[in-house]
Amino acid sequence: CKPVMIKKRKICIITGSRAEYGLLYWLMKEVQNSSRLELQIIATGMHLSSEFGLTHQEIEQDDFTIDVKVEMLLSSDSEIGITKSMGVGLIGFADALHELKPDLVVVLGDRFDIFVGATAAMIARIPIAHLHGGETTEGAFDEPIRHSITKMSHLHFTAAEEYRKRVIQLGEKPERVFNVGAAGIDNIKRLKLLSKTGFEKSIGFKLAKKNLLVTFHSVTLEDSTSEVQFKNLLNAIDKLEETNIIFTKANADTDGRIINKMIDIFVDNHSGTAIAFHSLGSLRYLSAMQYIDGVIGNSSSGLLEAPSFKIGTINIGDRQRGRIKAASVINCLPIEIDITKSLKKLFSQEFIALVKKTANPFGNGMVAEKITKIIENIPLDNILKKKFYDQ
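Numbering (this note's numbering), first residue to last: -10 to 380.
1) Per DSSP, Ile146 is paired with what?
2) Between which two residues does the alpha helix (DSSP H) containing Thr262 stretch?
3) Between which residues of its own chain and Leu86 is the CB-CB distance below 7 Å, once the five residues before and five after are set aside?
4) Suppose the cutoff is 8 Å on Cβ atoms and the five residues either side in sequence are ignored; what does the same chain contact list for Glu151 look like?
5) Measure the CB-CB distance between Val318 and Ile300 and report whether it falls below 8 Å.
6) For Val217, does the count of other Cβ atoms within 10 angstroms reach 16, so buried, or fall short, so exposed?
7) Does the Cβ of Glu231 have 16 or more other Cβ atoms within 10 Å, making it buried, or fewer, making it exposed?
8) Rank Glu164, Glu9, Ser276, Asp99 by C-alpha distance to the C-alpha of Gln380 and give the top, closest one.
9) In or out: Lys178 buried (at least 16 other Cβ within 10 Å) or exposed?
10) Have a look at Thr44, Val94, Thr33 and flag the residue whose alpha-carbon is nearest the alpha-carbon of Met75.
11) Alpha carbons only, please: which of Phe82, Met17, Ile367 is nearest the one belonging to Asp383?
12) Measure the C-alpha to C-alpha separation of Thr147 and Ile367 and round it to an integer number of angstroms.
13) Is the beta carbon of Pro350 less than 8 Å from the beta carbon of Ala315?
14) Would Trp15 and Ala357 be called neighbours here (beta carbons separated by less than 8 Å)?
15) Report the start-end ranges of each alpha helix (DSSP H) in the stretch 213 to 255 that is 4 residues or longer and not cut off at the edges.
16) Are the Cβ atoms of Ile3 and Ile103 separated by less than 8 Å?
17) Under a CB-based cut-off of 8 Å, is Ile117 close to chain C?
18) What first and last residue would you give for the alpha helix (DSSP H) that runs through Asn366?
19) Does any heavy atom of the ligand ADP sit closer than 7 Å to the C-beta of Leu182?
20) Less than 8 Å separating the beta-carbons of Ile134 and Ala225?
21) Look at His381 and Val156 and say whether their C-beta atoms are less than 8 Å apart.
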């Protein structure tokens, strides 16, 4: 009697940026190691751009095979350029999904390149699993993109119970919506982070008495405010003493190049006390969090990962408005006087003591294992038949 061969489910994970890949890494490993699943990878967006560090090479260095590279990022961060990039990407994803014929497409978050991949999968009648749905970012066009991906998707893995409820509120069946926690927590729990000396050597930069990690992205629903807001941030940190600054550059969003040019000028004028990277990668980025005093800017990492390191976050402006925030997060206006005030609070002994007691509201990890177990076992037959769920 011959053993019954179980056909592996083909799980196609789409990744378009350095930050998102860092969140997907452990899920990709779990799928790769599963006896019941076959991993497929589509790399797109900033991964394929020399301007953003050709980070598809990091994926390959991590012993993953990229099945298809979908070129879509045109050399423009204007509204017209991004819209045209989406059009180019849609054509590429149509071909890629036709070639790979996955049983399930997995996407994370809310970026325009991921929206394009999800759209192509929906048209191709391929089931979609969406991570980090139900969240809100009121200052970015990521907000409607994220909720649109939710409505195109069939399985949902949220970072908090509040977000799970919001996905159900959008009409998704409760039995297909799973609160698994934030994917980034897995990296904190599972990566062997660098020693201080090892981290300094890896970036070619010595830390000072005080250190800040700065990541600021354009606020895409506001009209050309990026330059003014980021100038206010730079003015505020320029007044700090005995403080070194590590910048990670902006994404390929509208006006992102303006921010990156300003970073380059600041670093040139502050040789030895400031340094910038297109991508630190997950290992160096999280290793940095062990040794810095705080995160400043408007990146989601200041909300999702920083609380686990018991460090403070200064969250500037409206980009992350609406997200759940730990007590370690200081919200401030994108004006110099308010940023300066927030920096003073960040370095205060009273606030540092408060942060040490703060719990991360996004769980304790094991996210990749939870998701993999679900996608190994959940029935996919007839999953495309969607009906709006009324509570």
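Glycine residues also receive a C-beta, built at the ideal position from the N, C-alpha and C atoms. Everything numeric in this text was worked out from a predicted model, so none of it was measured.
Looking at the coordinates:
1) The sequence as given places Phe at residue 146; Ile does not occur at that position. Beta-bridge partners assigned by DSSP to Phe146: Leu120, Phe167.
2) Taken as a continuous stretch (DSSP letters only), Thr262 belongs to no alpha helix (DSSP H), as it is neither H nor E.
3) Same-chain partners within the cutoff: Ala109, Ala110, Ala113, Ile115.
4) So the qualifying residues of the chain are Gly123, Ile313.
5) The criterion of a C-beta distance shorter than 8 Å is not satisfied by Val318 and Ile300.
6) Val217 is exposed by the Cβ-count criterion.
7) Under this definition Glu231 is an exposed residue.
8) For Gln380, the closest alpha carbon among the candidates Glu164, Glu9, Ser276, Asp99 is that of Glu164.
9) Burial call: exposed.
10) Cα-wise, what sits closest to Met75 is Thr33.
11) There is simply no residue 383 to check, as the chain begins at -10 and stops at 380 in what is shown.
12) About 17 Å.
13) Cβ atoms of Pro350 and Ala315: closer than 8 Å.
14) For Trp15 and Ala357, yes; Cβs fall inside 8 Å.
15) Given a length threshold of 4 residues, each whole run of the alpha helix (DSSP H) inside the stretch 213 to 255 is given here in chain order: 215 to 227.
16) Closer than 8 Å, so yes.
17) You won't find chain C in this structure, because it holds only one protein chain.
18) Segment 356 to 366, the alpha helix (DSSP H) holding Asn366.
19) The model on display carries no ligand, and the ligand ADP is accordingly not part of it.
20) Not closer than 8 Å, so no.
21) Nothing can be reported for residue 381, as the shown portion of the chain is limited to -10 through 380.
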